[in-house]
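Per the numbering used here, residue 14 is the first one in the sequence shown, and the count goes up by one each step.
Positions of the beta carbon are idealized from the N, C-alpha and C atoms, including for glycine.
Structure record follows, encoded as structure tokens.
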Amino acid sequence: MKILFQGDSITDAARLNSKDGLGTGFVKIIKEKYPNLEIINKGISGNRTHDLLFRWDEDTINIKPDFLVLLAGINDIWHKYLHNKPTNYEEFTINYRSLIEESINKIPNVKIILIEPFALPIGKYDKSWDEELKLQQKIVGKLANKYDLPLIKMQSIINDNLRKYKMEEILYDGIHPSDQGHKIIAESIINSLEKTINQ
14 MKILFQGDSI
24 TDAARLNSKD
34 GLGTGFVKII
44 KEKYPNLEII
54 NKGISGNRTH
64 DLLFRWDEDT
74 INIKPDFLVL
84 LAGINDIWHK
94 YLHNKPTNYE
104 EFTINYRSLI
114 EESINKIPNV
124 KIILIEPFAL
134 PIGKYDKSWD
144 EELKLQQKIV
154 GKLANKYDLP
164 LIKMQSIIND
174 NLRKYKMEEI
184 LYDGIHPSDQ
194 GHKIIAESII
204 NSLEKTINQ
């Protein structure tokens with residue numbers, strides 16, 4: 014079984030600096046859980062949905078995974094403020110929907126798991142982004158429902174974990190996971206994978 018992880022720096026987790034190409038984050042944790050499965054990390058730091066779409070054929074379709082786990086979206090908000098590269102909601106919806114449809118149409122029997130974008134109000138994250146983030150989460154939720162795909166509601170899971178951990182212990186700068194944050198994400202993905210495999 015081949016599982017492909019796609020996304021931005023949260024997925025990337027410095028994968029190009031690791032010998033196995035998996036990075037130091039949740040993808041590596043999942044590989045440790047499933048050592049006999051083929052686990053591939055194609056996350057690229059800084060990617061927006063537009064960038065993912067541009068490289069989708071090479072980095073997803075050609076790999077032909079059995080499972081595709083997609084986590085993307087926060088850079089579509091962040092880069093609007095950081096680099097003056099806005100992505101409007103119509104464009105975000107079209108891009109995200111295209112990623113799903115391209116995968117379904119070109120990879121027979123692929124199983125796709127979506128992870129909603131998430132953040133916490135510390136560090137690099139600005140509270141003024143809340144409305145945009147909630148709209149992104151709503152869009153991803155609607156697409157998951159439309160295509161009958163499993164959706165990991167990561168924001169709720171992270172919020173629940175604030176009972177046990179400080180915000181910076183989960184997302185050290187409000188966007189990128191700490192070690193504990195990666196463990197929480199990995200556990201959520203493992204739960205979803207096992208449910209999907211057993212269907």
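Given a cut-off of 8 Å, decide if G20 and L84 are closer than it, judged by their beta-carbon atoms.
-> A contact, by the Cβ cut-off of 8 Å.
May I ask which residues mark the beginning and end of the beta strand (DSSP E) holding K177?
-> Under the DSSP assignment, K177 falls outside any beta strand (DSSP E); it carries neither an H nor an E label.
If I'm right that L223 touches L112 with Cβ under 8 Å, what's the distance once you round it to whole angstroms?
-> An answer regarding residue 223 cannot be provided, because it is not within the stretch 14 to 212 covered by the chain.
Taking L148 as the reference, give the member of H189, Y138, E103, R176 with the closest Cα.
-> Ranking H189, Y138, E103, R176 by Cα distance to L148 puts E103 first.
So is M14 buried or exposed if we call it buried at 16+ other beta carbons inside 10 Å?
-> The residue is exposed, with fewer than 16 neighbouring Cβ atoms inside 10 Å.
Determine the contact status of N88 and N60, defining contact as a CB-CB distance below 8 Å.
-> In contact: N88 and N60 (Cβ atoms closer than 8 Å).
How many angstroms separate the CA atom of E129 from the CA atom of I152?
-> Between the alpha carbons of E129 and I152 lies a distance of about 9 Å.
Using a Cβ-Cβ cut-off of 8 Å, state whether E182 counts as contacting chain E.
-> Protein chain content of the structure displayed is limited to a single chain, and chain E is not contained in it.
In the structure shown, what three-state DSSP assignment does G36 receive?
-> In the structure shown, G36 sits in coil (DSSP, three-state: anything other than H, G, I, E or B).
C-alpha distance - A26 paired with I210, whole-angstrom precision = The straight-line gap from Cα to Cα measures roughly 26 Å.
Cα-Cα separation between A157 and S116, rounded to whole angstroms = The C-alpha of S116 is placed about 14 Å away from the C-alpha of A157.
In the DSSP assignment, find the unbroken alpha helix (DSSP H) run with N54 in it and report its ends.
-> Not the alpha helix (DSSP H): N54 falls in the beta strand (DSSP E), residues 51-54.
Beta-carbon spacing of L133, I90 below 8 Å | No, the pair does not count as a contact, with Cβ atoms beyond the cut-off.
Buried or exposed for E114, please, with buried defined as at least 16 other CB atoms from any protein chain shown within 10 angstroms of its CB.
-> With fewer than 16 other Cβ atoms from the protein chains shown falling within 10 Å of its own Cβ, E114 counts as exposed.
Option in M167, E200, L206 with minimal Cα separation from I188 | Taking I188 as reference, the option from M167, E200, L206 with the minimal CA-CA separation is M167.
Determine the contact status of Y138 and T62, defining contact as a CB-CB distance below 8 Å.
-> Against a cut-off of 8 Å, the Cβ pair of T62 and Y138 comes out as no contact.
Supposed close pair I42, K196 - CB separation, criterion 8 Å | That pair is a contact at about 6 Å.
Give me whichever residues DSSP pairs with V82 in a beta bridge.
-> For V82, which the question treats as bridged, DSSP gives the partners F18, I126.
Can the beta-carbon of D161 be found less than 8 Å from the beta-carbon of V123?
-> No, the pair does not count as a contact, with Cβ atoms beyond the cut-off.
Is E71 buried or exposed, if buried means 16 or more other CB atoms sit within 10 Å of its CB?
-> Result: exposed.
What are the boundary residues of the alpha helix (DSSP H) that includes R110?
-> Residues 102-119.
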